[in-house]
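Engineer:
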Amino acid sequence: MQIFTYNDFLKDKGIITFEEAGIILDELIKSSNIYDPEFQRFWKELIEYSAKYAEMRGKWRILTKEEQDALDDSRTNIHNRIRDNLIFIRGLAQINGKDTSWFDKFHDDRKRMGDFANYLNYVYAVNAR
C-alpha cells in the first residue's frame, strides 16, 4: 500500500491547488447572489455531491480494480452532477451580468472540477467541527 501526501498531488499536471481553489471559490461567491433561492438550490446540491465525490475519491487508491470498476459509473454520475451545478451557478451569474471568469479556470477539465469539489468538501468539513 502506498501512503500519499499533498506534495504527491502537487507533482501531478493540470491540478488545482488549495490556493487556486480558494481563489476560484472567492470569485464564484463574489459573482453570485447567495440569497437567491435558485442559487442556494444549486449550491446545496454542489456541496452534497462534492461530499459524495470526496468520499469516493478518498477511498479510490485503496480499492481493488474490481471495486473501482463496480463504482466507476456511480463516480462518473456524481462527477457529472458537480459539473452541471457549476455550469448552472455560472449561468445564474451570467444572467445577472457578473464576471464568470472563475469558471474558465477549470479549463473545461473534469479533473480540475473534481479537485475543486474535493476542496469544497474540505472547507465544509473543517467548518463543521
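Counting from 1, one number per residue, gives the positions in the sequence shown under the numbering used here. Note that CB positions come from ideal geometry on N, CA and C, so glycine has one too.
Tell me whether G85 sits in a helix, a strand or coil according to DSSP, three-state version.
Structural biologist: For clarity, residue 85 is Asn in the given sequence; the question names Gly instead. It is helical.
Engineer: Helix, strand or coil: which one does DSSP assign to G14?
Structural biologist: coil
Engineer: Nearest CA to the CA of I95: which residue from S31, A21, E20?
Structural biologist: S31
Engineer: Quick one: residues in its chain with C-beta nearer than 8 angstroms to the C-beta of T17, no 5 flanking neighbours on either side, listed in chain order?
Structural biologist: L10
Engineer: In terms of alpha-carbon separation, which member of S101, H79, K13 lies closest to E45?
Structural biologist: H79
Engineer: Is there contact here, the segment 43-61 with the segment 97-109, by at least three beta-carbon pairs under 8 angstroms?
Structural biologist: no
Engineer: Buried or exposed, going by whether 16 or more other CB atoms sit within 10 Å of the CB of Y6?
Structural biologist: A residue is called buried when at least 16 other Cβ atoms come within 10 angstroms of its Cβ; Y6 does not meet this threshold and is exposed.
Engineer: Excluding five sequence neighbours on each side, which residues of the same chain lie with their C-beta closer than 7 angstroms to the C-beta of K111?
Structural biologist: Once the five neighbours on either side are set aside, the close Cβ partners of K111 are G14.
Engineer: What first and last residue would you give for the alpha helix (DSSP H) that runs through Q40?
Structural biologist: 37-60
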